[in-house]
Amino acid sequence: MSDCCGPIATIDVPIEPRVAGRIRTVALVGPPNSGKSTLFNRLTGLRQKVANYPGVTVEQRMGRLNGIGRSDLILIDLPGIYGLDSYSEDARVAVEVLHGEMPGTPTPDAILLVLDSLQLRRQLMLAAPVLALGLPTLVLLNMSDLMEARGGQVDTLALAQELGVPVAKISATRGVGLDAVTHFLNRKAEPERSIAPAAGRIELPVMGNPRSYRQWAHGVSSRTKYKAPISNEWTKRIDGVLLHRIWGPLIFLVVVFAVFQVVFSIGQPLNDGLGDLLNAAGAKIGALIGHNWLESLLIDGVWRGVASVLVFLPQILLLFLFIGVLEDSGYLARAALIADRVMRSIGLNGKAFIPLLSAYACAVPAIMATRTIENKRDRFATILVAPFMTCSARLPIYMLMIAAFIPNKPILGDLFGLRAAVMLSLYVLGFVAALGTAWLLKSSILKASSAPFILELPQYRFPTVRSLGLRLMDRGKVFLRQAGTVILAVTIVLWILSHIPFHADLAGSLIGRLGQLIEPLIKPLGFNWKIGIGLLTSVMAREVIVGTLGTLYGADPATQSLGLQAALRHDLTLGGAMALVVFFAFAMQCTSTIAIVRRETNSWRWPALQFVYMSVLAYVAALVTNQVIVHFVR
Amino acid sequence: MVAIALLSDFGAEVADDFDLSGAWKLSLLSELPIGTVGVVESLDLPGEIQHHLMHMGFVPEARVMVVRRAPAGDPTVYSIDGFEVALRRDTAQAIRVREYETPNTR
């Protein structure tokens, strides 16, 4: 097994550009962690189009090259890949795009290949298959400033001759050296070629063989006098503490607790504040329109409905700020490493920990954050269990029911009472359901033949304000687009259902009659038709049920909470009340989550399965709860 | 703390500067102690994972150094081609390496 010193297997590749003439579309190619996204943001500015490629869950990013004043050119950001063999969904997508076989994506006629110059020797492995495509290519050695500051070096001229394409040193985070991209694109727009390889033809390794790629890459890097930078001593020292046997897990817990605490103690008031602001604005606009059906549709229906989702925006952005800092600094990978052992015992991997934690605030950002999990089965399993975590939208109905039905009896002194105990058990209930579901999924439809966990540990870096800002904008836009489309549509449908026939009150409307129609179905759970209507309207968002019940019980908005509690006590048994909170612990009453699962899995199959599974589970659990309380508690 | 002190003696490219003239024995990557270097002999993993690892540099004749273990003892962090990657024990068990008995650190 020792042919390391034999001749490198090579084939000759003509490097004439495949497409003569003008460049319209440029593809950005690079391995994961090469700083590709930062460069993409630099080159395109803030206006990007983010969608999914058809039929797969890989994100498609396109933008015009506004960042360097070439808005006539389109830049496509391909997923981070190690090679062009179809070893993963990402790589398959990249190959299809580069060959112009991806429907809806323009065929690239030039390539920007980004390589991390800190690890050039390894990253050059990707250059071989990319250059073999024969497209005009510019190789960008990213983080050259860091490499040189740490004593590394490479002869770019020699590298350009070895590769037969121009090579430029850049720093995407600092925006240094990007004029090379402008030069390359201007020059390539002219028909004649201006960069000639040393020997007229370049030698590339046999395609599809990682081993020959590696030999070739090592050969090229030694011929171009590549000297890797002295490894980041800081990274090793920091890891010595953050991955220490005792300090590591301790710091991990502190970080987790701090994120949780801030998201709730700062995020919640921000949400509430935004909610008040939106309601006040709605009332002002309503006053302008006058008291008619249009006001009812626009303000009570659309505005209030969309506002009930918008209020989550501050908390979601705050969560993404934290996830962004953790990811960009390099700590997220360490957290995944620490959490892996525990997460593995429930059939998930360490990378699922942070998304699941985020789901305690809101399942929507949690599901968007699962993109860091490359393994598709693990990612889908995480998406499917995330809505079981007790999100903040469940709190209003929990608080209402607990305040109305559970006496404030102390259990462990004044600090921990019966109400707190019930609240805590609802959290535990959701968590246990998530564990059980994860286990069920991983041993059935998402069963994996093996559990690969390949985690690259990047060097520690300071996150830049710019990249954090872009991330927040990007995720915020995704969330708002959901609010603007799916949720708007559901809101209008719900409003129409609750206002037909005209002039009927809520109980007499279509949705009211539907609620009465399903009463026999929900009677065994201890629910009446009013709760039935609440369940139907809260398909939009969980907290909507409180408002619906308020309307139904005809309570004055000013004293709604007090009056509502008394009304509920008259109308419901303890069994029914507890069955209702258990129902909410399990049911997927959230249009935003359904919409985001649809987007992230790129199919209606998964959200449909999830909705049915969670609804059935919620029904059965609520039934058991009510029957147990009716028969065994006084 | 011993492991940390030992590691600070290595540079980024340690695995490539390693003196591999000494005696060696066949072993599994998962069995190597921290701070030692192994040379990859072969991989025996399902296609997709094997491909992924090979693209990351785990190819025959590549030198891998064991950097540290996660606080729970698993996964383990390895250094290859100047970057660090963590693998679970069951993955590392499928990678056969030549283990050199006396790592020559200086």
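Going down the list, the sequences are from chains A and B.
If you count the first sequence from 1, position 422 lands on 422 in the working numbering, and the numbers rise without skipping.
Add 1000 to the 1-based position in the second sequence for the working numbering, that's all there is to it.
Positions of the beta carbon are idealized from the N, C-alpha and C atoms, including for glycine.
Everything numeric in this text was worked out from a predicted model, so none of it was measured.
query                                                                                                                                                                            : result
State buried or exposed for Trp495/A, treating a residue as buried only when at least 16 other CB atoms are found within 10 Å of its CB.                                         : buried
Is the distance from the Cβ of Pro314/A to the Cβ of Glu543/A below 8 Å?                                                                                                         : no
Residue range of the alpha helix (DSSP H) that Ile637/A falls in?                                                                                                                : Not covered by the structure: residue 637/A. The range shown for chain A is 1 to 634.
Are any of the Cβ atoms in chain A nearer than 8 Å to that of Pro1033/B?                                                                                                         : no
Glu295/A and Asn33/A - do their beta-carbons sit closer together than 8 Å?                                                                                                       : no
Going by alpha carbons, who is nearest to Val165/A out of Leu141/A, Trp439/A, Leu356/A?                                                                                          : Leu141/A
Compare the C-beta of Val1059/B against all C-beta atoms of chain A and say whether one is closer than 8 Å.                                                                      : yes
Tell me which residues of the region 65-92 of chain A have at least one Cβ-Cβ distance to chain B shorter than 8 Å, keeping chain order.                                         : Tyr82, Gly83, Asp85, Tyr87, Ser88
Are the CB atoms of Val93/A and Ile383/A nearer to each other than 8 Å?                                                                                                          : no
So, does the CB of Glu1048/B fall closer than 8 Å to a CB anywhere in chain A?                                                                                                   : yes
Comparing alpha-carbon positions, which option in Asp272/A, Pro387/A, Leu488/A, Thr370/A lies nearest Leu298/A?                                                                  : Leu488/A
Would you say the region 306-313 of chain A touches the region 495-509 of chain A, given that touching needs at least three Cβ pairs under 8 Å?                                  : no
Roughly how far, in whole angstroms, is the beta-carbon of Gly638/A from the beta-carbon of Pro1071/B, given that I think they are within contact range, below 8 Å?              : No statement about residue 638/A is possible, as the shown extent of chain A runs from 1 to 634 and does not include it.
Does the Cβ-Cβ distance between Ala366/A and Ser358/A come in under 8 Å?                                                                                                         : yes
Return the residue from the list Val1067/B, Arg1069/B, Leu1043/B, Ile1049/B that minimises the CA-CA distance to Glu1061/B.                                                      : Leu1043/B
Anything in chain B within Cβ reach of Phe453/A, meaning under 8 Å, just list it in chain order.                                                                                 : Pro1075, Ala1086, Leu1087, Arg1088, Thr1091
Measuring only the C-alpha atoms, how far is Lys477/A from Leu75/A?                                                                                                              : 20 Å
Where Thr437/A and Pro607/A are concerned, what is the direct C-alpha to C-alpha distance, given to the nearest angstrom?                                                        : 15 Å
Counting only Cβ pairs nearer than 8 Å, list the residues of chain A close to Met1056/B.                                                                                         : Tyr82, Arg122, Ile454, Glu456
How many whole angstroms separate the CB atoms of Gln268/A and Ser392/A, which I take to be in contact at a CB cut-off of 8 Å?                                                   : 7 Å
Provide the residue(s) that pair with Lys523/A in DSSP beta bridges, ordered along the chain.                                                                                    : DSSP output for Lys523/A lists no bridge partner at all.
Grab the span of the alpha helix (DSSP H) containing Thr548/A for me, first residue to last.                                                                                     : 544-552
Using a cut-off of 8 Å between C-beta atoms, extract the partners of Arg245/A located in chain B.                                                                                : Pro1071
Spatial neighbours of Thr1076/B within its chain, please: C-beta separation below 6 Å, excluding the five flanking residues on both sides.                                       : Arg1069
Can you give the Cα-Cα distance for Met147/A and Val26/A, rounded to whole angstroms?                                                                                            : 27 Å
If we count the other Cβ atoms within 10 Å of its Cβ and call it buried at 16 or more, is Asp1074/B buried or exposed?                                                           : buried
Identify the residues that DSSP records as bridge partners of Glu1099/B: which are they?                                                                                         : Lys1025/B, Gly1038/B
Count the other C-beta atoms from every protein chain shown that fall within 10 angstroms of the C-beta of Thr464/A, then say buried if there are 16 or more, exposed otherwise. : exposed
If we count the other Cβ atoms within 10 Å of its Cβ and call it buried at 16 or more, is Trp216/A buried or exposed?                                                            : buried
Helix, strand or coil for Asp1044/B? Go by DSSP, reduced to three states.                                                                                                        : coil
Could you please give me the residues that DSSP links to Asn52/A through a beta bridge?                                                                                          : Glu59/A
Scan the region 313-338 of chain A for residues whose Cβ lies nearer than 7 Å to a Cβ of chain B and list them as they occur along the chain.                                    : Leu337, Ile338
Given Val1059/B, which residues of its chain have a CB within under 7 Å of its CB, disregarding the five upstream and five downstream residues?                                  : Val1040
Report yes if the CB atom of Leu204/A is closer than 8 Å to the CB atom of Ile266/A, and no otherwise.                                                                           : no
Just by C-beta distance, which residues in the region 402-431 of chain A are closer than 9 Å to chain B?                                                                         : none
Quick one: which chain A residues come within Cβ less than 9 Å of Gly1022/B?                                                                                                     : Here the premise fails: no neighbours, minimum Cβ distance about 16 Å.
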